[in-house]
Amino acid sequence: MNLKIMAFASKFLEQAVQAITWCDNVVIAEAARRNPWFIPRFVRYRLDTLKESLEKEKKILLQLLDMPIRDNGPRILSIIAAGNIPIVCWHDFVCALAYAAGHPQEVVLEIKLSSKDDVLLPAIVKRLEGMKDSCLSGVQVRFVRQADPGTQAILFTGGSQAQMYYRQTFPLVPVLMRTGRTSVAILDDTETEEQLGDLARDCFLYFGLGCRNVTLLLVPQDYDLNPFVLKVDATLGTVLRNHENFKNAFRHARACHLMLSTQTAGYSFFPDLFLLKESDDLTPPPAVLHYVRYRNREDAERFIAMHKNRIQCVAGPGHVPLGQTQSPLFTDYADGLNTLE
-3 MNLKIMAFAS KFLEQAVQAI TWCDNVVIAE AARRNPWFIP RFVRYRLDTL KESLEKEKKI
57 LLQLLDMPIR DNGPRILSII AAGNIPIVCW HDFVCALAYA AGHPQEVVLE IKLSSKDDVL
117 LPAIVKRLEG MKDSCLSGVQ VRFVRQADPG TQAILFTGGS QAQMYYRQTF PLVPVLMRTG
177 RTSVAILDDT ETEEQLGDLA RDCFLYFGLG CRNVTLLLVP QDYDLNPFVL KVDATLGTVL
237 RNHENFKNAF RHARACHLML STQTAGYSFF PDLFLLKESD DLTPPPAVLH YVRYRNREDA
297 ERFIAMHKNR IQCVAGPGHV PLGQTQSPLF TDYADGLNTL E
């Protein structure tokens, strides 16, 4: 057992909850000012989710973070973060800190944040650094604009163009690449009203911009989608209608559809909310949700298997419960790649 890591983990779990709790309305408002997609309601939800994960999974985290570290292991780590949802790099951050804390030599952790999400994590780190007997003692955490040319390992999350840049710029450096994915839900016509409300949140929390947001519904042939649409309206309709960026995305999607098709029947259920389209495309634009009708459950599971390299998680019977896609366990690694390993 790596005693240094275990000592770090024990302190970190307690101090991180305190630091996240410290993110007050001022910090949250600044995050929203920097990125209009980060409305306070969604930022608070994300922070609460992180705290709950730390509190509920303490034993699991202590076990997972007990990892062997080579004396000659990388001493400069770089995290290249995306900015689609608040603190999307949290998992990488925790894993990298545990590695740095347990390394026999000093480790530098560099974090290149997206300009869309450069408020919350620095605020949390600043709070951690100022605590008595800080879990960050002996660990250098730097927020940078570019990855250090001498970096020895990179944790990357982002688009294909940025991915190509880092592979070309650091050809000899180990890089853990996580590409953009999305999530799907299987419905079987047994969903309760409460579950449909949970599904609405799976789809439209963070305005549907996260990799764990459901963007495609797999439904039976005769499935009536209207109750779900009504539940979206009841659950998040006010938020979606009052958000200028989301409204613009909806208007753009609607205009594109009207230009490409003369028939809109069955496509748009709520002209002022979002578009629902029958399509097997896993990546609809913002404010659009796709659905596919299946003949039997085997067809639905076959569809998922065919697209497993593009799907982050699956919601529904036999998979992640509806309403839980945005509350992943620490072991729900992005792209299924174990960051610690």
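Going by my numbering, the first residue of the sequence shown is number -3, and it counts up by one from there.
Positions of the beta carbon are idealized from the N, C-alpha and C atoms, including for glycine.
Three-state secondary structure (DSSP) of residue i
i	result
A92	helix
P216	strand
V169	coil
A149	strand
Q14	helix
V115	coil
S6	helix
T344	The displayed coordinates of the chain run from -3 to 337. Any statement about residue 344 would go beyond what the structure contains.
K122	helix
D229	helix
H87	helix
T234	helix
M127	coil
F224	helix
Short Cβ contact (9 Å threshold) for residue i with residue j
i	j	result
G319	D184	no
M127	Q11	yes
V121	I72	no
N305	C207	no
W33	F200	no
V180	L212	yes
G69	E102	no
I307	T178	yes
I182	R138	no
L272	H286	yes
G154	I76	yes
I1	A92	no
Residue range of the unbroken alpha helix (DSSP H) whose run includes residue i
i	result
C199	E189 to F200
G204	Premise fails: G204 is in no alpha helix (DSSP H) and is neither H nor E.
K243	E240 to L256
N21	N21 to R30
N-terminal and C-terminal residue of the beta strand (DSSP E) that residue i is part of
i	result
H286	V284 to Y290
K108	V104 to K108
V140	First-last for V140: undefined, no H or E at that position.
Those residues which DSSP pairs with residue i across a bridge
i	result
K273	H286
R174	T153
V210	S179
_Secondary structure, alpha helix (DSSP H): runs of 4+ residues fully inside the region 291 to 320_ = 293 to 302
*List in chain order: all unbroken alpha helix (DSSP H) runs of 4+ residues lying wholly within the region 34 to 83.*
36 to 52 and 54 to 60
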